[in-house]
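Protein sequence lines, in the order shown, are assigned to chains A and B.
In this text, residue positions in the first sequence follow our numbering: the first is 372, and each later residue adds one.
In this text, residue positions in the second sequence follow our numbering: the first is 22, and each later residue adds one.
We put the CB at the ideal spot given by N, CA and C, even for glycine.
Below is one structure, written out as structure tokens; comments come after it.
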Amino acid sequence: MADSLIAGLFLLLAVVALLLAVLALRHRVAFRLGVRNAARARRRTAMLLMGLLIGTSIIAGSLVVGDTIDSLALHYTYLAVGHSDEAIGDQSASGNWQPFNYSVYGSVQSAAPGDHEISGVTPEIVGSVSILDRTTDIPQPSLNLIAVNGNQSAVLGSFVSDTGAVVQGPAPGEVILDDLAASEMNASAGDSVVLYGPNAQPVPMVVQAVVQDNERGAFPTGGVGNYGSAFIDLSAGQSLEAMPGSINFLVISIAGGESQQLAHSDAVSAFLNTTIASIPAAHGLAVDEILKNAVATEDTKGSGATTLFLVLGLFSIAAGALLVVGIFTLLAEERKGEMGVERALGLRREELVYSFLFEGTFYAAGSALAGTALGVAVGYGLTYAFGGLIRTAGISEAALLQSFTVTPEALVLSYVAGFLLTLVTVAVASRRASRLNIVRAIRDLPEPDPPRRTYTYLALFGAIAFVLGALLYAKTYQGTSAISDPVIGGALVLAGLALVAARFVRNRPVFSALGVALLIWGGYEPLRTWALGTSHGGGVYGVFVEGIMLVTGAVLIYAFNAATVAAALVRLAGGRRKRAPVALVGLSFPGRRPGRTTTTLAIFALVSFTLVIIAAVGSSLDASLSTLEREESGGYALVAFSSTSAPQLPAYVSGNATLSPDFAHVVPLSTGPINVSVNGSNLAPYSDSVYSAPTGEPAFSDFYSSNQYTYSATLNGMSASQVDQELSSDPGVAIVDQTYSTVPDNLATSVPAGHPQVNPGAGIELTNPLNGNTTFVTVIGVMTQDVLTGVFVNPAAAAKLGVTGAQIFLMGVAPGIADATAALAAKKAFFPYGLVVVNLENAIASSIATTEGEIELLQIFVGLGLVVGIAAMGIVAARAVAERRREIGMLRANGFTQGMIIRAFLLEYTFITVIGLAIGTALGLLAVWNLTHSAQATATGVTDFAVPWLNLVIILVVAYGLSMLAVTGPSRRAARLPPAVAVRSSE
Amino acid sequence: MADDVVVGKEVWKIFGSGETEVAALRGVDVTIGRGEMVAIVGPSGCGKTTFLNCFSGLDDITRGSVHLEGADLAAMDDRKRSDYRARRVGFVFQSYNLLPILTAEENVALPLLITGVGGDEARERSRQLLTELGLGERLTRRPSELSGGQQQRVSLARALVGKPAIVWADEPTGNLDEKGTRQVTELLRQLNRDYHQTIVVVTHDPTVAASCDRTLRMEDGRFVA
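Below, the structure is given as structure tokens:
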């Protein structure tokens, strides 16, 4: 795939190069002119290359960062798997590994030399264990148990303590805890602990060491959702798990480095399958490709992250493309006089186009090459910056830098994309520039308004855009879940209408109206909800489409009204006499020549839009924490799970003088597996969980009166209490969690494929896969929580399905009691039942902390675009100085001091920067405000809008400050021009 | 003399150094009185424009001294010289040198704004002067919307609006046709009479020179009889 991509890109490059070579041979005069133009003004050529290479750098930087993130994820996958590349065992439907005779290990061990890729075989017992740390008096149930002999597991590597020391073991009578398990119990080496296996017999041990939870210290299956791991020696494990003479897990290590291990995985599996088929005691055992499966899972997750980075990088790439367009427009403008003379001397129009094109080819080839190299450097710089800033648990700076990846595909893709982007822009700019009027070009007269026929053509084009947009809208506004398509359709309709109208009405009102319409269409959420419904998601691509549309709308309004704004500002400044002439000169350039400044302004608007949107999502996510906690918890701060049924727990708590003051409610829930089929849906039955709370409970443990769950949709607009009442009394109804909502999550992609989506009123069939019992229910509410995912039914319906007992306890903490205090009390009291207590606030805060880390990375990444804006500003300013020498001379002759010249220049670029940043900031905040007020808000988790004041100040100050720094040099050069020279210069 | 506005003594202007040294002005001595309209004529490259640059304060001289209204130009720093130009000097250039993004009215008002005149007053005075010069209908037009003659009249208005003591005009009719040349020449003469301003015109055009009070002929960096 990668090879074919590279080959395809090279082929494309070769075709373009061949075409250019043929053109160069056929148009030799134009070729010589192009070469001469590129070579004659080295300083200008260098500046052009600098500007042009930024676009390519952004593309290369995006790809390198994306590849590095992928590589980092893979690195941690390998670390988590360690040397447990494959496993042999028999996993039951409930997830437990079934014991088998220890002799199987001997047989596999003796067969292993038959495959030289196998570097070792290790016998283990893996299971679950509860541990009470007697030193800290803190228990922790449901830890992973790995029983393995130290002398048989050398191939798995070494345990490494947090101080970096290598730990041998596990020693008999001692337990090694990984970081996570130790932190749950506040345990440290030397602590006295008691282990409880399935038979609840206490086994006293001492903590030998606390080790890092990667590579050797990792749980073999990756340990997803675990609370930590405990390693003991094999014989102790056999005793604890009541498996004398048996093991339940054989770890197979594959020789070589990470890529070799992955490459040999299939061959080793085949060998192992053949081997165990010939061992009678291994009947029923299967080979699990741990490494291969983990990498495949990570690939899926990793591609999502890369997509996010690339989509947000699109804004920077769009900014880079705008910069290229701006530079060539500037170049064409600058060369107008010269081109006019060449035409007057007899050069044909096409020769002029080709001379420009050949010149541009040199720039494109050179800048793409330099840009790709710079992009790689930028990618490394970003990776380095990530390393310094990263706060995501478990990711180290060293690992990040080690993961820095530059793939040949990224290099080739960046070069070809950068080269072609520049070349296409050059071609278009050349064609446009060649259509000059010779006299006007020579005398530097402004171009007149386009002739009427141009507007006729545009109107025809507009009519086509209108029809295409209408078709796209009609086809997609109900037909797809992606919001981008109908939104683009609507925007095309508006643009088409404007182009048609421009044939009959003046440009300013028409295109100002188009700008306003695009702002309303892209930014007024109620209108979109009304026009498109609430069933559209669209994810991050939607953000890009919305961003481009909003920024285009605002920039159109600017371009056609800048003169009015500038005039108002000039009038305002006119009141202050010293500032009046500087304001008049500084503001008149951008105000009355908006075409020249619009590109730069659009770049700033695009980049600040992206930066602000990311910052505002972060601050709003923080602000949403309490709402999120309320919605997710339903008023129960703690959720407790027990592998052993503990039916009397609520009564015990309410009757216990020590425990009862800590809790307001303890509600029992029975739960079991369920297959969900939606009536009228073609989806395969979806494997989920069913929950049911008993009725007739006292107030302390009554789900129906104590829960505060909220609903994103209910049948016939029922209130939450009406839903509770109905659920408690009618076995034919059900409520479902948020993942069933038909309103998609706009940012996250957490709902698995094949998950059914329902609206209230939908009929669903529930089947217990363990006994085949079935019941039909009607959905009356879609909850806003997705902590307990599945279907909530009446206890009679649950009984019909064969789901009984109490395995989950929803615990409401009493007012004034800390959640952590109550959680610890419950954990200690019900330790013998293996009760796992989850503190929802902590869990949500932890999940938000990870998202915040990602947001920081995205901000730095998107900040790359800022470089484009600043470069654009510097280049435009430098060209402006060269272009306006005579005007500067005139101003100096009339009494402008050097300081006034500098101030006029700074004011001019302040105007552009401030308006660009203001547009981007306002629209970015609007987009996030929309997100928090949209139907997707609950599913996205961003429910409360908050302005990220500090981040905004940083973004704006840095963007403005650096822009002014870029402009200061050219401004000072302008001021220092000797008036006598400047006043007579003609570029 | 109190009425001598421009006094230059032994003024030298040398460009480059060593082998590339070129003396554009070679010990020029000149005195121009208040209200005088003087034409500077001579072949191309004789130093006319250098004379204008050095005597108007746009450029520094190499040796000698230039006094404008008794003030020594060499003793002024850039800020003082800028301020002096803003208040006491007006310029008219061959290529008009109007700011293309400003309207005719704004171009004329700009020198007044530089000297601290309020926006409303500056606009009013520029409107008045432009109307006097026959451009009352063209106040809000930008230079690109005006003919060459009209642009030069705007340029003249800009030079005169601040009522400067001296107006330096460098080939003011160089880009104009016969009719435009006649109009501008008459205007210069009329303004000189009406406002009693000193006007120094560098020109190739004998008709312009003929309309002046005095003609100074320059050759090879010196005035000749």
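Have a look at residue 206 of chain B and residue 427 of chain A and give me their C-alpha separation to the nearest angstrom. By one-based count along the second sequence, residue 206 of chain B stands at place 185. By one-based count along the first sequence, residue 427 of chain A stands at place 56. Using only the alpha carbons, I get a separation of about 58 Å.
How would you write the range of the alpha helix (DSSP H) that residue 959 of chain A sits in, first residue to last? In the first sequence, counting from the first residue as 1, residue 959 of chain A sits at position 588. 951-963 is the extent of the alpha helix (DSSP H) around residue 959 of chain A.
DSSP-derived helix/strand/coil call for residue 1069 of chain A: As a first step, residue 1069 of chain A is located in the first sequence; it is residue number 698 there, counting from the start. DSSP places residue 1069 of chain A in coil when its eight states are reduced to three.
By the 10 Å Cβ neighbour count, where 16 or more other Cβ atoms means buried, how is residue 470 of chain A classified, buried or exposed? Here residue 470 of chain A refers to the residue found at position 99 of the first sequence. Classification for residue 470 of chain A: buried.
C-alpha distance - residue 474 of chain A paired with residue 552 of chain A, whole-angstrom precision: Against the first sequence, residue 474 of chain A aligns to sequence position 103. Against the first sequence, residue 552 of chain A aligns to sequence position 181. The straight-line gap from Cα to Cα measures roughly 32 Å.
Could you check which residue in A:573, A:516, A:1204 has the C-alpha nearest to that of residue 1177 of chain A? As a first step, residue 1177 of chain A must be located in the first sequence, where it is residue number 806. Checking every option, the nearest Cα to that of residue 1177 of chain A belongs to A:1204.
Does residue 1266 of chain A get closer than 8 Å to chain B when you measure Cβ to Cβ? Within the first sequence, the letter at position 895 stands for residue 1266 of chain A. Closer than 8 Å: yes.
If we cut at 8 Å on Cβ distances, does residue 410 of chain A have a partner in chain B? Working through the first sequence from its first residue, we reach residue 410 of chain A at position 39. Chain B has no Cβ within less than 8 Å of the Cβ of residue 410 of chain A.
So residue 1361 of chain A and residue 611 of chain A are supposed to be a Cβ contact under 8 Å. How far apart are they, rounded? For residue 1361 of chain A there is no data in the structure shown, the boundaries of chain A being 372 and 1358.
Can you name the residues that DSSP bridges to residue 1331 of chain A? Locating residue 1331 of chain A in the first sequence gives position 960, where the first residue counts as 1. Answer is none; residue 1331 of chain A lacks a bridge partner.
Rounded to whole angstroms, what's the CA-CA distance from residue 1236 of chain A to residue 435 of chain A? Just pull it up for me. On the first sequence, position 865 is the one that residue 1236 of chain A refers to. On the first sequence, position 64 is the one that residue 435 of chain A refers to. In a straight line, the C-alpha of residue 1236 of chain A is about 15 Å away from that of residue 435 of chain A.
So which of B:226, B:160, B:139, B:197 has the shortest CA-CA distance to residue 183 of chain B? Counted from its first residue, the second sequence places residue 183 of chain B at position 162. Among B:226, B:160, B:139, B:197, the Cα nearest to that of residue 183 of chain B is on B:139.
How would you call residue 1183 of chain A, buried or exposed, if buried means at least 16 neighbouring beta carbons within 10 angstroms? Residue numbering aside, residue 1183 of chain A sits at position 812 when the first sequence is read from its first letter. Buried is the call here.
Straight-line CA distance for residue 1067 of chain A to residue 1099 of chain A? Working through the first sequence from its first residue, we reach residue 1067 of chain A at position 696. Working through the first sequence from its first residue, we reach residue 1099 of chain A at position 728. Residue 1067 of chain A and residue 1099 of chain A: Cα-Cα distance of roughly 9 Å.
For residue 75 of chain B, which residues of its own chain have a beta-carbon under 7 Å away from its beta-carbon, when the five flanking residues on both sides are left out? Stepping through the second sequence from its first residue, residue 75 of chain B is reached at position 54. Cβ within range, chain order: 32, 34, 46, 82, 87.
Along the alpha helix (DSSP H) that carries residue 557 of chain A, what are the first and last residues, could you check? Your numbering for residue 557 of chain A matches position 186 in the first sequence. Run containing residue 557 of chain A: none; DSSP gives neither H nor E here.
Between which two residues does the beta strand (DSSP E) holding residue 1360 of chain A run? Examination of residue 1360 of chain A is not possible in this model, given that chain A is present from 372 through 1358 alone.
Quick one: which residues of the region 64-84 of chain B get their C-beta closer than 9 Å to a C-beta of chain A? List them in chain order. 70, 71, 73, 74, 75, 77, 78, 79, 80, 81
Is residue 85 of chain B helix, strand or coil by DSSP? The count along the second sequence starts at 1 and reaches residue 85 of chain B at position 64. In this structure, residue 85 of chain B counts as strand in the three-state DSSP scheme.
Residues near residue 195 of chain B by beta carbon distance below 6 Å, same chain, minus five either side: In the second sequence, the residue the question calls residue 195 of chain B occupies position 174. Excluding residues within five positions, the ones whose Cβ falls inside 6 Å are 115.
Among the residues of its own chain, which have a CB less than 8 Å from the CB of residue 523 of chain A, if the five just before and after it don't count? Working through the first sequence from its first residue, we reach residue 523 of chain A at position 152. Cβ neighbours of residue 523 of chain A beyond the five flanking positions: 493, 494, 605.
Residue 1063 of chain A versus A:1104, A:1145, A:1082, A:1165, residue with shortest Cα-Cα distance: In the first sequence, residue 1063 of chain A corresponds to position 692, counting from 1. The shortest Cα separation from residue 1063 of chain A among A:1104, A:1145, A:1082, A:1165 belongs to A:1165.
Leaving out five residues on either side along the sequence, give the residues of the same chain with a beta carbon under 6 Å from the beta carbon of residue 490 of chain A. Numbered from its first residue, the first sequence carries residue 490 of chain A at position 119. Within the same chain, Cβ atoms closer than 6 Å to the Cβ of residue 490 of chain A are found at 526, 624, 626, the five residues on either side in sequence being excluded.
Beta-carbon spacing of residue 1049 of chain A, residue 1106 of chain A below 8 Å: In the first sequence, counting from the first residue as 1, residue 1049 of chain A sits at position 678. In the first sequence, counting from the first residue as 1, residue 1106 of chain A sits at position 735. No.
Could you tell me if residue 69 of chain B is buried or exposed, where buried requires 16 or more neighbouring beta carbons within 10 angstroms of its beta carbon? Along the second sequence, one-based indexing puts residue 69 of chain B at 48. Buried: at least 16 other Cβ atoms inside 10 Å.
Can you check which of these residues, A:1041, A:601, A:1206, A:1111, is closest to residue 541 of chain A by C-alpha distance? Position 170 of the first sequence, counted from the start, is the residue given in the question as residue 541 of chain A. Cα-wise, what sits closest to residue 541 of chain A is A:601.
Mapping the DSSP letters down to three states, classify residue 55 of chain B as helix, strand or coil. The sequence position of residue 55 of chain B within the second sequence is 34, counting from 1. It is coil, neither helix nor strand.
Per DSSP, what kind of secondary structure is residue 31 of chain B in: helix, strand or coil? The count along the second sequence starts at 1 and reaches residue 31 of chain B at position 10. Three-state DSSP puts residue 31 of chain B in a strand.
Near-chain A residues of the region 150-165 of chain B (beta-carbon distance less than 7 Å), N- to C-terminal order: 165
Using a Cβ cut-off of 8 Å (strictly closer), state whether residue 37 of chain B contacts chain A. By 1-based counting over the second sequence, the position of residue 37 of chain B is 16. So no, residue 37 of chain B is outside the interface.
Would residue 1342 of chain A pass as an interface residue toward chain B - the criterion being a Cβ-Cβ separation below 8 Å? Here the question's residue 1342 of chain A lines up with position 971 in the first sequence. Interface residue (Cβ-Cβ distance to chain B less than 8 Å): residue 1342 of chain A is not classified as such.
Name the two residues that bound the continuous beta strand (DSSP E) containing residue 516 of chain A. As a working note, residue 516 of chain A is residue 145 in the first sequence. From DSSP, the beta strand (DSSP E) with residue 516 of chain A extends over 509-519.
Test: residue 1277 of chain A CB closer than 8 Å to a CB of chain B: To locate residue 1277 of chain A, count along the first sequence from 1; it is residue 906. So no, residue 1277 of chain A is outside the interface.
Assumed close pair residue 828 of chain A, residue 420 of chain A - CB separation to whole angstroms, cut-off 8 Å: Within the first sequence, residue 828 of chain A is the residue found at index 457, counting from 1. Within the first sequence, residue 420 of chain A is the residue found at index 49, counting from 1. About 35 Å separates the two Cβ atoms, so there is no contact after all.
If contact means a Cβ-Cβ distance below 8 Å, which residues of the region 171-196 of chain B contact chain A? 179
Between residue 113 of chain B and residue 185 of chain B, how many whole angstroms is the CB-CB distance? I'm expecting something under 8 Å. On the second sequence, position 92 is the one that residue 113 of chain B refers to. On the second sequence, position 164 is the one that residue 185 of chain B refers to. 11 Å between Cβ atoms; not a contact.
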